[in-house]
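What follows is a single structure, written as structure tokens, with notes after it.
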Amino acid sequence: MTVGLTDILQVEVRVVLEGLKLAWDRGFRQIELECDSAMLIEFIRNGWASMSNDGKIRGIHGLCLIHLEVKFRHIQGEDNRVAGCIAKADGGMMDQLVILEEPPRYVREFLEDDIRQSLLVTNRAH
Numbered sequence: 757m758t759v760g761l762t763d764i765l766q767v768e769v770r771v772v773l774e775g776l777k778l779a780w781d782r783g784f785r786q787i788e789l790e791c792d793s794a795m796l797i798e799f800i801r802n803g804w805a806s807m808s809n810d811g812k813i814r815g816i817h818g819l820c821l822i823h824l825e826v827k828f829r830h831i832q833g834e835d836n837r838v839a840g841c842i843a844k845a846d847g848g849m850m851d852q853l854v855i856l857e858e859p860p861r862y863v864r865e866f867l868e869d870d871i872r873q874s875l876l877v878t879n880r881a882h
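Just so we're aligned, residue 757 is where the sequence shown starts under the numbering used here, counting upward by one.
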């Protein structure tokens, strides 16, 4: 199976849209969203999403308007180890939204590393 750039972007769009819907449904109104697609983040930040022919991208724009605050943060693909680990464990077969209330053991170490790194960056900024 060959996966092109368009396919990857469509997956990112779907993930962002479903994540925003989930956050809204659970009552979160201030959201920090991490995404490894710089192109998608710029598209949304520059207001181009409202003019998109893609209904999912317009849906992202609409959800951003109703949330009190949505901060997009670009992360490098190699820094997104948790998502990569879950995707590898799935074997590429996941085509639906899965909500993990508790992180699996195999990703906890990555999450703890991410928290430590985030705290280091925050402390350096102050």
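We treat Cβ as the ideally placed atom computed from N, Cα and C, and that holds for glycine.
Self-check item: Distance cut-off 8 Å: C841 Cβ against heavy atoms of the ligand HEM
Solution: Among the components modelled here there is no ligand, and therefore nothing to report on the ligand HEM.
Quiz item: Grouping DSSP H, G and I as helix and E and B as strand, with all else coil, what is V883?
Solution: Missing from the structure shown is residue 883; the chain here goes from 757 to 882 and no further.
Quiz prompt | Distance, R861 Cα to Q786 Cα | solution = Distance between the alpha carbons of Q786 and R861: 28 Å.
Exercise. Can you give me the start and stop residues for the beta strand (DSSP E) that H830 sits inside?
Key: For H830, the enclosing beta strand (DSSP E) covers residues E825 to H830.
Quiz item: Could you give the residue range of the alpha helix (DSSP H) that holds M795?
Solution: Here the alpha helix (DSSP H) through M795 covers A794 to R801.
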